[in-house]
Amino acid sequence: MADDGIQKEKIALALSGGGSRAMAFHLGCLRALNQLGILQRIEIISAVSGGSVIASMYCTLDGDFEDFEAEARKVLAQGFAKPAIKKAFTSLEGLRTLACFMVLLCASTVGYLRRLFRWGLSFLGFRHSPRKFTLRRFASRTTILRAVFSDLFRHKRLAELRDDRPKLIVVACELRSKSAFYFAKDVMGSWRLGKSPAGNTEVAHAVAASAAYPGFLPALDEDLELEKDGRRKSERLILTDGGVYDNLGLAPLWPDRDKAISLHADKYDIMIACRAGYAAELSPAPRFWSTRMLAVIDVIHGRVQNASMGRLFDLKKAGVIRGFIIPYLGQADKNLAFPPPDLVTGESVSNYPTDFSAMSEEWIDRLSKRGEQLTLATLQEHLPHLLQTEGGI
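Count along the sequence shown from 1, then add 360; that gives the number in my numbering.
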């Protein structure tokens, strides 16, 4: 039996992005924490993109952990690509998306012709007053995916998140304010724009916003009435993948956030940051502008994540947090102090993509087992006192 000090420790869990790969890896991490009795003590789960899908399933669906895992494996085996394609051809949302595409295409064509005509007038010496016209994207591939998520989460709203599960924060990025946008059971919003009650918002909406990976899924464009400094104002929100702001999901958990201006700010003693990415590798030399820009984004993305990891070390060194672990898919196996004899190696799981396509049973087993093994190994090395709790080893 653990002492009272250990029992009173506040534990936070962050689940990174990474599509279905992240879902499978995080499933194994959650399985290990559940078997050890640690998952039941976690107070908050902060999740991004693929991590937000698996976290929302855990915090929304009925049943025990075994029921959750069975549903998660079923969802991974099916994927989201085929259900989304089916929705596109058989649902009202699919018709809305087609209509939106046609309207935007026509508007773009007309806009181009108008610019060409105005250029011709300017060339001939005529002056003109340009008129601004903005057409909003009201439906897209992202809203189709949101409809698929809605079926998965049984159309439940944030207010219906389970009370017997950790508090869930789904992280998205708001592009106009360049800030994180947090969805939780009670309140959603951004420190820059304000907050709003979240109860009537569907869980699927939060997850779709968090998973709207730029370049593949358009950002959600909506208006929302937000309160800031005692005043209410309608704001236009452009919500995209939370990984744009913080792909590790640690943003809501930093201890130096000011409760007076930040949403869901609190302090935690232990942080568990599950990272479903790979270590940096040499890539082909970028030759064209597009490939150079992608390489630049990869470098920035990697440096930001490394800085977040470094911040955890600094917080522990300063005594601000008691400890942390980072179950990391791209972990260098040789650095593990307690590798299991049947370790699923990093090499055997390398290069699985970050999409939402169907996953084979072999890959589900491989990725989830590595998540389970790395969680246990890092706990043994860095937080052994947690294993002394009831249900531990």
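For each residue, glycine too, the CB sits at the ideal point set by N, CA and C.
Every value quoted in this text rests on a predicted model; they were computed, and no experiment measured them.
| Check | Outcome |
| --- | --- |
| Measuring only the C-alpha atoms, how far is LEU393 from ILE685? | 12 Å |
| Using only the alpha-carbon positions, how far apart do GLY609 and ALA448 sit? | 30 Å |
| Report the residue from LEU734, TYR628, MET383 and LYS370 whose alpha carbon sits nearest the alpha carbon of THR714. | MET383 |
| Around the C-beta of GLU453, are 16 or more other C-beta atoms found within 10 angstroms, so that it is buried, or is it exposed? | buried |
| So what's GLY411 in DSSP terms, helix, strand or just coil? | helix |
| Quick one: what does DSSP say GLY397 is sitting in, helix, strand or coil? | coil |
| Could you tell me whether the stretch 690-709 touches the stretch 555-562, using the rule of 3 or more Cβ pairs below 8 Å? | no |
| Buried or exposed: which applies to VAL659, given that a residue is buried once 16 or more other Cβ atoms fall within 10 Å of its Cβ? | exposed |
| Roughly how many whole angstroms lie between the Cα atoms of ALA362 and ALA569? | Residue placement at ALA362 is poorly supported in this model, since its pLDDT is 47, which falls under 50; the coordinates still yield a value, given next. Each residue's alpha carbon lies about 40 Å from the other. |
| Assuming LEU373 contacts ILE632 (C-beta within less than 8 Å), just tell me the rounded distance between them. | 5 Å |
| Ordered along the chain, which non-local residues of its own chain (more than five positions away) have a Cβ less than 8 Å from that of PRO578? | ARG497, SER500, ARG501, THR502 and ALA572 |
| Cα separation between ALA459 and ASN695? | 54 Å |
| Are LEU535 and GLU595 closer than 7 Å when you measure CB to CB? | no |
| Relative to the alpha-carbon of GLN691, which residue among GLY731, PHE716 and LYS555 has its alpha-carbon at the smallest distance? | GLY731 |
| Kindly list the residues whose CB is nearer than 8 Å to the CB of GLY637, restricted to its own chain and excluding five residues on each side of it in sequence; keep chain order. | SER376, GLY378, ASN607, GLN665, TYR688, LEU689 and GLY690 |
| Do you know offhand how far SER422's Cα is from PHE428's? | This sequence places Asp at residue 422; Ser is not what is there. Roughly 8 Å between the two C-alpha positions. |
| Do you know offhand how far SER668's Cα is from GLU431's? | 32 Å |
| According to DSSP, is GLU369 helix, strand or coil? | coil |
| Taking buried to mean at least 16 other C-beta atoms within 10 Å of its own C-beta, is GLY679 buried or exposed? | exposed |
| Contact between the stretch 507-523 and the stretch 434-451: three or more CB pairs below 8 Å? | yes |
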